[in-house]
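**Student:** Pasting a structure below so you can have a look.
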Amino acid sequence: MTEYNLNFMHPQYGTTFNVDIDGSFTVEEMINNLLLSGFINENKHGYDFELMGQALDRQITFDEIQALNDGAVIRIIAHQEEAIVEETDASDSFISLHIKHPSEALVLDVELSSTLPLSNIIQQASDKNFIQGKDNILHLQKGDKLLDLNQTALENKLSAGDYLQIIHANLVAENPIETAFGQLNEKIQQLETQIETELGNIKDALPAANMIPIDTTRAINPTMEQYESIDTIVNRLRKNSNQPPLKRIRPVSPVLLLSLGFLLVLILIIALVMNGII
1 MTEYNLNFMH
11 PQYGTTFNVD
21 IDGSFTVEEM
31 INNLLLSGFI
41 NENKHGYDFE
51 LMGQALDRQI
61 TFDEIQALND
71 GAVIRIIAHQ
81 EEAIVEETDA
91 SDSFISLHIK
101 HPSEALVLDV
111 ELSSTLPLSN
121 IIQQASDKNF
131 IQGKDNILHL
141 QKGDKLLDLN
151 QTALENKLSA
161 GDYLQIIHAN
171 LVAENPIETA
181 FGQLNEKIQQ
191 LETQIETELG
201 NIKDALPAAN
211 MIPIDTTRAI
221 NPTMEQYESI
231 DTIVNRLRKN
241 SNQPPLKRIR
251 PVSPVLLLSL
261 GFLLVLILII
271 ALVMNGII
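Each residue of the sequence shown is one higher than the one before, starting from 1 at the first, in the UniProt record's numbering.
Structure, rendered in structure tokens:
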């Protein structure tokens with residue numbers, strides 16, 4: 001018994017479903033298994049498999065498929081009602097769009113019918129091997145705007161010649177302005193929290209109001225006390241201790257000081273004369 005590890009590509013979104021299958025399974029049995037798993041929805045027109053551009057017979061087993069190797073990608077083809085296609089062909093108009101590769105510097109030019117949703121662009125890109133199936137759902141984006149794959153180009157307000165970017169669901173670009181505002185608000189909140197914490201620490205470090213000594217007489221009006229000189233204070237203390245007050249110190253008269261100075265000079269001159277110096 002041979003087992004294969006295969007990838008089945010979704011017909012609309014380009015995502016892949018990886019599964020190990022028995023080589024004795026037929027294509028039709030595998031289609032039924034994919035329907036039961038919910039990977040693809042019921043389609044009254046049916047599905048087929050395609051490998052490397054070749055349609056696979058529904059009754060053939062996987063052992064009978066030539067050049068089938070582990071890791072091969074098998075495309076799921078969803079059939080459409082031919083009558084509806086023929087009726088819409090007459091009134092169809094097409095719009096030319098430029099599709100950018102999700103990871104490489106490649107551009108694919110596509111023609112999209114005005115009646116088909118944008119998901120057809122993903123289908124065309126897969127058909128032309130412009131993109132490979134990924135585990136994540138693919139999206140289309142114009143500038144910073146994410147487009148609705150279930151709507152037409154007109155409903156998405158697209159114009160001929162527009163450039164669209166294929167992206168993966170987990171790589172949808174964030175709005176840089178919103179991101180910057182979010183980061184700024186976060187920093188402001190952090191700063192407010194830090195300030196509140198520091199103010200709380202300062203408040204906790206201060207003594208309580210009832211622990212601060214206050215002299216009510218001085219606090220009300222510190223200039224109300226009468227000024228007293230040192231002499232007054234000393235005399236009051238001496239009086240309280242039954243001691244006489246201090247006598248006033250009178251300065252020497254200037255005349256007396258001049259007389260004493262003249263006398264000292266005269267004595268000095270006499271001494272010099274007597275010693276024969278002069």
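Where is the CB? At the ideal position from N, CA and C, for every residue including glycine.
Start and end of the beta strand (DSSP E) containing N32?
**Tutor:** Where N32 is concerned, there is no enclosing beta strand (DSSP E), although the alpha helix (DSSP H) it sits in stretches over V27 to S37.
**Student:** When burial is assigned at 16 or more other CB atoms within 10 Å of the CB, is Q12 buried or exposed?
**Tutor:** Buried, because 16 or more other Cβ atoms sit within 10 Å of the Cβ of Q12.
**Student:** Measure the C-alpha to C-alpha separation of N5 and N69 and round it to an integer number of angstroms.
**Tutor:** Approximately 8 Å between the Cα atoms of the pair.
**Student:** Could you spell out where the beta strand (DSSP E) holding K100 opens and where it closes?
**Tutor:** Its beta strand (DSSP E) spans residues F94 to K100.
**Student:** In terms of alpha-carbon separation, which member of S159, Q123, P102 and F25 lies closest to Q93?
**Tutor:** A small correction: the amino acid at residue 93 is Ser; Gln does not occupy that position in the sequence shown. Looking at the Cα atoms, S159 is the closest of the given residues.
**Student:** Following the continuous beta strand (DSSP E) through D76, name the residue where it begins and the one where it ends.
**Tutor:** Per the sequence shown, the amino acid found at residue 76 is Ile instead of Asp. From DSSP, the beta strand (DSSP E) with I76 extends over V73 to A78.
**Student:** Run through DSSP, which three-state label would S114 get?
**Tutor:** Correct three-state label for S114: coil.
**Student:** Between the beta-carbon of E3 and the beta-carbon of G23, is there less than 8 Å?
**Tutor:** Yes, these two residues count as a Cβ contact at 8 Å.
**Student:** With a CB to CB cut of under 8 Å and the five nearest residues on each side skipped, what residues in its chain are close to R238?
**Tutor:** Result list for R238: P244, P245 and L246, in chain order.
**Student:** Kindly indicate the opening and closing residues of the beta strand (DSSP E) around T61.
**Tutor:** Taken as a continuous stretch (DSSP letters only), T61 belongs to no beta strand (DSSP E), as it is neither H nor E.
**Student:** What would DSSP say about I21, mapped onto helix, strand or coil?
**Tutor:** Correct three-state label for I21: strand.
**Student:** Helix, strand or coil, according to DSSP, for F49 in the structure here?
**Tutor:** Strand at F49.
**Student:** For L154, count the other beta carbons within 10 Å of its own beta carbon; 16 or more makes it buried, fewer makes it exposed. Which is it?
**Tutor:** L154 is exposed by the Cβ-count criterion.
**Student:** Using CA coordinates, which residue listed in L268, D162, S126 and N275 is at the minimum distance from K142?
**Tutor:** Of the candidates L268, D162, S126 and N275, the one whose C-alpha sits nearest the C-alpha of K142 is D162.
**Student:** For A233, which three-state DSSP category applies?
**Tutor:** Looking at the sequence provided, one finds Ile at residue 233 rather than Ala. In the structure shown, I233 sits in a helix (DSSP, three-state: H, G or I).
**Student:** Count the other CB atoms within 10 Å of the CB of S126; is the residue buried (16 or more) or exposed (fewer)?
**Tutor:** Burial call: buried.
**Student:** Could you work out which residue in F25, R248, E29 and M52 is closest to M9 when comparing CA atoms only?
**Tutor:** Among F25, R248, E29 and M52, the Cα nearest to that of M9 belongs to M52.
**Student:** Report all residues from its chain with a CB closer than 6 Å to the CB of D135; omit the five preceding and five following residues, and keep chain order.
**Tutor:** Summary for D135: the model assigns pLDDT 42, below 50, so the residue's position carries little reliability; its value from the coordinates is reported in the next sentence. Closer than 6 Å at the Cβ level, and outside the excluded window around D135, lies no residue.
**Student:** Does the segment 29-49 come into contact with the segment 95-115, if we say contact requires no fewer than three beta-carbon pairs (one atom in each stretch) closer than 8 Å?
**Tutor:** In short, these stretches do not touch, since the Cβ pair count stays below three.
**Student:** Buried or exposed, going by whether 16 or more other CB atoms sit within 10 Å of the CB of M30?
**Tutor:** Buried, by the Cβ-count rule.
**Student:** Go to N7, then tell me how far its beta strand (DSSP E) extends in each direction, as first and last residue.
**Tutor:** Where N7 is concerned, the enclosing beta strand (DSSP E) stretches over E3 to M9.
**Student:** Do Y47 and I21 have their C-beta atoms closer together than 8 Å?
**Tutor:** No, these two residues do not count as a Cβ contact at 8 Å.
**Student:** Relative to the C-alpha of T152, which candidate in S259, S119 and T26 has its C-alpha closest?
**Tutor:** The residue with the shortest Cα to Cα distance from T152 is S119.
**Student:** Contact defined as beta carbons within less than 8 Å: I believe I95 pairs with H139. What is the distance between those atoms, to the nearest angstrom?
**Tutor:** Actually they are not in contact, since the Cβ atoms of I95 and H139 sit about 19 Å apart, beyond 8 Å.
**Student:** Helix, strand or coil for D135? Go by DSSP, reduced to three states.
**Tutor:** Unreliable positioning characterises D135 in this predicted model, as indicated by a pLDDT of 42, which lies under 50. The coordinate reading is nonetheless provided below. Three-state result, D135: coil.
**Student:** Which residues does DSSP pair with residue 335 in a beta bridge?
**Tutor:** Here the chain has residues from 1 to 278 only, and residue 335 is not among them.
**Student:** Where L164 and F17 are concerned, what is the direct C-alpha to C-alpha distance, given to the nearest angstrom?
**Tutor:** Those two C-alpha atoms are separated by around 26 Å.
**Student:** Where I65 and L56 are concerned, what is the direct C-alpha to C-alpha distance, given to the nearest angstrom?
**Tutor:** Taking the straight line from one Cα to the other gives about 8 Å.
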